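Enquirer:
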Amino acid sequence: MNEIIEVSCPTCGKKVIWGENSPYRPFCCKRCQLIDLGEWADEEKRIASQSDISESDTWSENPDD
Ligand SMILES: [Zn+2]
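Numbering of the sequence shown is given in our numbering, commencing with residue 271 and proceeding in unit increments.
#1: Return the bridge partner residues of E276 from the DSSP annotation.
#2: For K285, I'd like the list of residues in its chain whose CB is within less than 7 angstroms of its CB, leaving aside the five on either flank, ordered along the chain.
#3: How big is the Cα-Cα spacing for R295 and D334?
#4: Going by C-alpha to C-alpha distance, which of N332, R301, E331 sits closest to P280?
#5: Quick one: what does DSSP say S292 is sitting in, helix, strand or coil?
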């Protein structure tokens, strides 16, 4: 039996061959694995909320108005 099994990366949906050449399976790469673990997502959420706050409260385009 030499059946090739393909799975979809849970993070980006890319096809991943289930075998020794895919050490991060079912993820396509280490980055997608980290995203699924929440390490990258937490980082992006932190950046996003910071920019939201500064945009409305501390920044003014017309300070003399
Ligand atoms: Zn992926």
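Note that beta-carbon positions come from the ideal geometry of N, C-alpha and C, so glycine has one too. Since we're looking at a predicted model, the values are computed, not measured.
Expert: Considering the structure as presented:
#1: DSSP, once it has assigned bridges, lists I287 as partnering E276.
#2: Within the same chain, and ignoring the five residues on either side of K285 in sequence, the residues whose Cβ sits closer than 7 angstroms to its Cβ are E276, S278.
#3: Each residue's CA atom was taken as its position, placing R295 and D334 some 57 angstroms apart.
#4: That would be R301, whose Cα lies nearest to the Cα of P280.
#5: Here S292 sits in coil by DSSP.
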